[in-house]
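Just so we're aligned: 630 in this note's numbering is position 188 of the sequence shown, and the numbers increase by one with no gaps anywhere. Below you'll find the structure, written out as structure tokens, and then a few comments.
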Amino acid sequence: MLRFAAAAASSRASTGAAVASSLANASHPAHTSISYGTSSSLRPRTLCPSNQLASTTSFKLTGCQVKSMAEAVSTPKLDTESSLAGKKQALISLSDKRNLALLGNGLQELGYVIVSTGGTASALESAGVSVTKVEELTHFPEMLDGRVKTLHPNIHGGILARRDKEHHMEALDKHGIGIENIDIGGPAMIRAAAKNHSDVLVVVDSEDYPALLEYLRGGPDDQQFRRRLAWKAFPAYKFPPGLTVPLSLKSSLRYGENPHQKAAFYVDKSLSEVNAGGIATSIQHHGKEMSYNNYLDADAAWNCVCEFTKPTCVIVKHTNPCGVASRNDIIEAYRLAVKADPVSAFGGIVAFNVEVDEDLAKDIREFRSPTDCETRMFYEIVVAPKYSKKGLEVLRGKSKTLRILEASKNNRGKLSLRQVGGGWLAQEADDLTPEDIQFNVVSEKAPDEKELHDAQFAWLCAKHVKSNAIVIAKNNCMLGMGSGQPNRRESLRIAMRKAGDEVMGAALASDAFFPFAWNDAVEEACQNGIGVIAEPGGSIRDADAIDCCNKYGVSLVFTNVRHFRH
């Protein structure tokens, strides 16, 4: 008997499995139909756009017309005595191949037969994984340039069958369907697997592969783990015809952004039930009750600090990071983050991506403001992934009002919702990582390794600054930032003023392209000693920016990714 099935793919449209070969409107279920023909006899089923429904004699798909379905494909009789029947199997077909070797080798070590397609099969074989071609399982060749690989009852039967229904299991046995683990992309696979999450593990994020393998090695049959994976799967192919967000009142707040506005905090039950991470599910260990603005600022600080892999401190004021620093020594990182803008840091939110131990807690408690070297720094909130027992004790002694939050990292792939008059805007979260972005040198002078690293650091900071955003950074430390200005040149001037003399040789990152270069922001940055500039590119005047940087001997890199934040 099959114990469970599993499906996996990337949750990102840019890297998701089989996304490139999906129908253009596959993310909008209301725009697709399945045509079965008009005969009472069983016919092969064809997925096609609803405005091109098939007749019994022809169908259209991507502009190609086929006179007869029988002329296009044939369906051989399934071999119910397949050598794969009864064996544990994993069908893997991905375009996001990060951690693929880890997954393939891990499943093979657990005794799974690996079934795969196309480029995924080649990548697995290169990693030393033995692979069985998918055609041997489905008895059906790939068609339409790989657009149809796994749309077959042998696959979907394994996913949708209810394990507690005896006749379902008998049907699987009768037809020789032996899929037990499926790692596959495409809206149909993902939604089918998530729908049956009580029996199916659906994995849409390569970062979850280690947890999946640990589960398969004998971890507890944790329904919360299954629900968390299913929750991540549904947004993997986004924007359904209807959207329901189950909100539950967590607390009434003293007031909203201003005292005359009443307010409350609601938690998304679908997230809290699976401990999806973020400020909403954080634990408050100490301090006054959270306010409306506290939640906004803490969320901004936590989202920013979680971007970094090295020990990092982020200080936020009014949702903008005013200090960011990464160091192997987290105490040094904390002090540098404060130094970046001590006036703004006072009364701000401090976030760390590592444990707050006793030594760090003492420094937070006693550190004097760099402005006068006398006044102890005051903060509204400290947020971190964990605290040592002594660290928590020391922080509690700093102030009765200091809010101390323990939060878990946000899951990738979530939807971002924002209200406008009469409706809501939905978009994928801007959760691209540095690994997703390629820095392309477009100037005559190429940045050296240190300059490139500074540019990457500045770019990551700029992602969390309100547009128009300019960040100046050096040596893993933000020196200055300009935010929220209607024109980019003013943001540049604010950032340079904060950076002061340290601007010489520093990296500058802009969240969007520069519309003008000469006698504008690019030339002004070059004239003031900036060493390297990182920006998305894409302006009709990109050539001017390149020529300007070449004139002043400044390196210019294009990221081809914009990070607007409104």
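The C-beta atom is built at its ideal place from N, Cα and C for all residues, glycine as well. This structure is a prediction, so every number in the text was calculated from the model and none was measured.
Candidates the options, of which the one nearest residue i by Cα
| i | options | result |
| --- | --- | --- |
| Glu886 | Glu977, Ile988, Pro978 | Ile988 |
| Ala888 | Pro784, Gly924, Val999, Asp878 | Val999 |
| Ala948 | Lys905, Ala976, Asn929, Arg659 | Ala976 |
| Val780 | Cys815, Asp801, Lys752, Asn770 | Cys815 |
| Ser997 | Ile972, Pro701, Lys575, Arg983 | Ile972 |
| Glu800 | Tyr829, Cys990, Leu533 | Tyr829 |
| Phe956 | Pro784, Lys674, Arg931, Ala826 | Arg931 |
| Leu921 | Leu685, Ala959, Asp896, Lys711 | Asp896 |
| Ala706 | Val573, Leu643, Leu685, Ser693 | Ser693 |
| Lys851 | Leu894, Ala740, Ser925, Pro978 | Ala740 |
| Gly942 | Leu713, Ala782, Val555 | Ala782 |
| Met819 | Gly720, Pro784, Lys831 | Pro784 |
| Glu944 | Met923, Gly546, Ile757 | Met923 |
| Ala904 | Ala569, Gly765, Glu808 | Gly765 |
| Ser724 | Phe899, Asn882, Val825, Asn918 | Val825 |
| Lys832 | Lys804, Thr813, Lys842, Lys856 | Lys804 |
| Ser981 | Leu802, Ile936, Phe958, Gly863 | Phe958 |
| Cys968 | Cys991, Pro978, Gly979 | Cys991 |
| Arg807 | Thr813, Pro827, Tyr776 | Tyr776 |
| Leu685 | Gly698, Val862, Ala868, Val836 | Ala868 |
| Ala672 | Tyr737, Leu654, Gln861 | Leu654 |
| Ala565 | Leu544, Glu577, Lys916 | Leu544 |
| Ala871 | His1005, Met938, Lys530, Ile791 | His1005 |
| Lys993 | Gly979, Thr1001, Trp960, Asn1002 | Trp960 |
| Lys674 | Leu643, Val555, Asp953, Val862 | Leu643 |
| Trp744 | Gly720, Gly661, Lys752 | Gly720 |
| Ser786 | Phe809, Ser768, Thr754, Tyr821 | Tyr821 |
Residue span of the alpha helix (DSSP H) that contains residue i, given as start and end
| i | result |
| --- | --- |
| Lys674 | 665-675 |
| Ala954 | Where Ala954 is concerned, there is no enclosing alpha helix (DSSP H), given that its DSSP letter is neither H nor E. |
| Gln969 | 963-969 |
| Glu822 | Element bounds for Glu822: not the alpha helix (DSSP H) but the beta strand (DSSP E), 821-826. |
| Tyr994 | 984-994 |
| Trp744 | 734-747 |
| Ile773 | 772-782 |
| Arg845 | Looking at the DSSP string, Arg845 is not in any alpha helix (DSSP H); the run it does join, the beta strand (DSSP E), is 845-848. |
| Ala793 | Run containing Ala793: none in the alpha helix (DSSP H); it sits in the beta strand (DSSP E), 790-794. |
| Phe899 | 891-904 |
Where residue i sits in the DSSP three-state scheme
| i | result |
| --- | --- |
| Thr761 | coil |
| Gly660 | coil |
| Asp878 | helix |
| His702 | coil |
| His728 | strand |
| Arg1007 | coil |
| Val836 | helix |
| Lys916 | strand |
| Leu444 | Note that Leu444 scores 24 on pLDDT, short of 50, meaning its location in the model is unreliable and no value can be drawn from it. |
| Leu857 | strand |
| Tyr697 | coil |
| Leu685 | coil |
| Ala803 | helix |
| Glu797 | coil |
| Val785 | helix |
| Asp650 | helix |
| Val907 | coil |
| Val883 | strand |
| Leu816 | For clarity, residue 816 is Glu in the given sequence; the question names Leu instead. In this structure, Glu816 counts as coil in the three-state DSSP scheme. |
| Thr754 | strand |
| Ser768 | strand |
| Ala871 | coil |
| Ser712 | helix |
| Ala948 | coil |
| Lys831 | helix |
Residue range of the unbroken beta strand (DSSP E) whose run includes residue i
| i | result |
| --- | --- |
| Arg931 | Arg931 -> not in any beta strand (DSSP E); alpha helix (DSSP H) instead, spanning 930-941. |
| Gly864 | No beta strand (DSSP E) holds Gly864; DSSP gives it neither H nor E. |
| Glu977 | 974-977 |
| Ser997 | 997-1000 |
| Val642 | 642-645 |
Any C-beta of chain D under 8 Å from that of residue i
| i | result |
| --- | --- |
| Ser558 | Among the chains of the structure shown, chain D does not appear; only one protein chain is present. |
Uninterrupted alpha helix (DSSP H) stretches inside the region 532-574 (no shorter than 4 residues):
With a minimum length of 4 residues, the continuous alpha helix (DSSP H) runs that stay inside the region 532-574 are 542-551, 560-568.
Looking at C-beta atoms only, is the number of pairs between the region 742-761 and the region 795-815 that lie closer than 8 Å three or more?
Because the criterion of three Cβ pairs below 8 Å is met, the region 742-761 and the region 795-815 touch.
Counting Cβ pairs closer than 8 Å, one from the region 871-887 and one from the region 770-778, do we hit at least three?
No: fewer than three Cβ pairs fall under 8 Å.
Indicate whether the contact test is met: 3 or more Cβ pairs, each with one atom in the region 842-856 and one in the region 963-979, closer than 8 Å.
The answer is no - the region 963-979 does not touch the region 842-856, with fewer than three Cβ pairs under 8 Å.
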